[in-house]
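Using this note's numbering, the letters of the sequence shown map in sequence onto residues 9 to 377.
We put the beta carbon where it would ideally sit given N, CA and C, even for glycine.
What follows is a short report on a single structure.
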Amino acid sequence: MKDPRFRQLALQVVNYAVRVQPGEHVNLRMQDIPDAMVIELIRAVREAGGHPHLDLSHAAITAELQKNATEEQFQMDGAYRLRRAEEMQVHICFYADYNSFESCDVPADKMAIVSKHFKPASDVICNKRKWTILAWPTPSMAQAAGMNTEEFEDFYFRCCLADYAKLKEAMLKLKAMMDATDQVRIVGPGTDLSFSIKDIPSIVCAGDCNIPDGEVYTAPVKDSINGTLSYNAPTIYHGIPFDGVKFRFENGKIVEASCQGNSEELNKILDTDAGARYIGEFAIGVNPYILKPMRDILFDEKIGGSFHFTPGQCYEEAPNGNSSSIHWDLVCIQREDYGGGEIYFDGKLIRKNGIFIDPELAILNPIYQ
Numbered sequence: 009m010k011d012p013r014f015r016q017l018a019l020q021v022v023n024y025a026v027r028v029q030p031g032e033h034v035n036l037r038m039q040d041i042p043d044a045m046v047i048e049l050i051r052a053v054r055e056a057g058g059h060p061h062l063d064l065s066h067a068a069i070t071a072e073l074q075k076n077a078t079e080e081q082f083q084m085d086g087a088y089r090l091r092r093a094e095e096m097q098v099h100i101c102f103y104a105d106y107n108s109f110e111s112c113d114v115p116a117d118k119m120a121i122v123s124k125h126f127k128p129a130s131d132v133i134c135n136k137r138k139w140t141i142l143a144w145p146t147p148s149m150a151q152a153a154g155m156n157t158e159e160f161e162d163f164y165f166r167c168c169l170a171d172y173a174k175l176k177e178a179m180l181k182l183k184a185m186m187d188a189t190d191q192v193r194i195v196g197p198g199t200d201l202s203f204s205i206k207d208i209p210s211i212v213c214a215g216d217c218n219i220p221d222g223e224v225y226t227a228p229v230k231d232s233i234n235g236t237l238s239y240n241a242p243t244i245y246h247g248i249p250f251d252g253v254k255f256r257f258e259n260g261k262i263v264e265a266s267c268q269g270n271s272e273e274l275n276k277i278l279d280t281d282a283g284a285r286y287i288g289e290f291a292i293g294v295n296p297y298i299l300k301p302m303r304d305i306l307f308d309e310k311i312g313g314s315f316h317f318t319p320g321q322c323y324e325e326a327p328n329g330n331s332s333s334i335h336w337d338l339v340c341i342q343r344e345d346y347g348g349g350e351i352y353f354d355g356k357l358i359r360k361n362g363i364f365i366d367p368e369l370a371i372l373n374p375i376y377q
């Protein structure tokens, strides 16, 4: 029997997240997604008056292509992807991680080639087109979240089909607070970080791009960051797992970087290019339904009571001048069950142990179920 939530999700994506309009060409980039879900997306796009186009891929095959990547190969692939990015008005990407470590044996220098040639298309999609990206629920994701498969699927659809319009009211209040702020200070276990966000716009993410969603982001003034930061959410980047990442900043630059057991690979990523050791995004996670990290950044960066501080490329909507081929969202959870922590705006306590002080932001506080 077809799960009725497939159609609900398709309609949420097409009609709310990217708001497909009649005549728009929609790129459906699907990686290992069940046929039934792809069909519902095609139908929803057509019902909205759009033209669906399919781009199918498989993670294991993609990893094989990347292992021996050449400049010539990915220069052509990048040019093709850029043309597709420019000619489509909307981009919808679903991917299923049946094995989060599928590309762990792709050499760093080969992944750098891939990233370099795919970056122009990514820039067009993220900054000049309507887009959304979703991770599809899999048994491996359920395992990473500490749930059985059915429980995780229920959690997934509850998050994805949330009433984002209702959450958005409080997120706009948080945006106004961030827009009025100069100095930010973040403290917690292993963390004492100060930086400025003065005159850099903050952006509300309430189901308009990513699903599940729930963050308000900006960027730090590039050279304003000083202090130490210890992330406590595990992460994967380029197929490599990292835990316990720690940075020390001087005048915006990551001058020391370490983690549990893989510091050499960590520093290789940070040496990808000149912008990789600077921060391109500061965001506060506010999805009240997402509580635990699962090494999937589309969920982890939205965790209620968290923030992320991202080495690499900034967004055009919140520019700080940093350019890089990487954009690595690393997450710190500040709830009491993860050690606690505080965020201050211009010396005023905004959030303590993951709970907002302002009662008008209470809807964004974590919901324990």
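Burial state of residue i (16 or more Cβ within 10 Å)
i	result
residue 138	buried
residue 268	exposed
residue 93	buried
residue 320	buried
residue 112	exposed
residue 367	exposed
residue 37	buried
residue 83	exposed
residue 105	buried
residue 338	buried
residue 318	buried
residue 53	buried
residue 349	buried
residue 27	exposed
residue 436	Past the boundaries of the shown model lies residue 436; the chain is included only from 9 to 377, so the question cannot be answered.
residue 107	exposed
residue 283	buried
residue 25	buried
residue 29	exposed
residue 170	buried
residue 263	exposed
Neighbourhood of residue i by C-beta, 6 Å cutoff - its chain only, sequence neighbours within 5 removed
i	result
residue 222	294, 295 and 310
residue 259	231
residue 142	102 and 219
residue 276	116
residue 371	178
residue 413	Missing from the structure shown is residue 413; the chain here goes from 9 to 377 and no further.
residue 130	none
residue 64	38
residue 234	202 and 257
Anticipated Cβ contact below 8 Å, residue i with residue j, distance rounded
i	j	result
residue 224	residue 175	That belief does not hold up - the Cβ atoms of residue 224 and residue 175 are roughly 11 Å apart, past 8 Å.
residue 168	residue 209	Not a contact, Cβ separation roughly 27 Å.
residue 248	residue 270	7 Å
residue 256	residue 236	5 Å
residue 340	residue 140	The pair is not a contact, with the Cβ atoms about 25 Å apart (cut-off 8 Å).
residue 305	residue 144	Not really, about 14 Å apart at Cβ, beyond 8 Å.
residue 35	residue 100	7 Å
residue 324	residue 135	4 Å
residue 58	residue 98	7 Å
residue 241	residue 301	4 Å
residue 149	residue 160	6 Å
Cβ-based neighbour list, residue i, same chain, cut-off 7 Å, excluding 5 preceding and 5 following
i	result
residue 14	44, 45 and 48
residue 68	110
residue 261	285 and 286
residue 343	313, 361, 362 and 374
residue 127	333
residue 71	110, 111 and 114
8 Å CB neighbourhood of residue i in its chain, flanking five on each side removed
i	result
residue 326	208, 209, 210, 211, 225, 226, 227 and 289
### Query
Given 8 Å as the limit, is there contact between the region 82-91 and the region 16-36, that is, 3 or more CB pairs closer than that?
No, the region 82-91 does not touch the region 16-36.
### Task
Please specify which runs of the alpha helix (DSSP H), each continuous and at least 4 residues long, are wholly inside the region 132-202, giving them in chain order.
Entirely contained in the region 132-202, the alpha helix (DSSP H) runs reaching 4 residues are, in chain order, 147-152, 157-168 and 172-187.
### Sequence ranges, beta strand (DSSP E) only - wholly within the region 208-288, length at least 3
Here the runs fully enclosed are 211-213, 223-226, 234-238, 243-245, 248-250, 254-258 and 261-266.
### Message
Report the start-end ranges of each beta strand (DSSP E) in the region 90-137 that is 3 residues or longer and not cut off at the edges.
### Response
Entirely contained in the region 90-137, the beta strand (DSSP E) runs reaching 3 residues are, in chain order, 98-104.
### Query
In chain order, which continuous runs of the alpha helix (DSSP H) of length 4 or greater are located wholly inside the region 299-352?
The alpha helix (DSSP H) runs lying completely inside the region 299-352 and spanning 4 residues or more are 305-308, given in chain order.
### Task
Decide if the region 344-358 is in contact with the region 180-198; the criterion is three or more beta carbon pairs, one per stretch, under 8 Å apart.
The region 344-358 is in contact with the region 180-198.
#### Entry: Given 8 Å, three or more beta-carbon pairs between the region 155-167 and the region 195-213
Short answer: they don't touch.
### Task
Give, in chain order, every unbroken run of the alpha helix (DSSP H) that is at least 4 residues long and sits entirely within the region 47-98.
Complete alpha helix (DSSP H) runs here, min 4: 67-75 and 79-95.
### Message
Under 8 Å: do the region 70-77 and the region 114-125 share three or more Cβ pairs, one atom per stretch?
### Response
Using a C-beta cut-off of 8 Å, the region 70-77 makes contact with the region 114-125, since at least three inter-stretch Cβ pairs fall below that distance.
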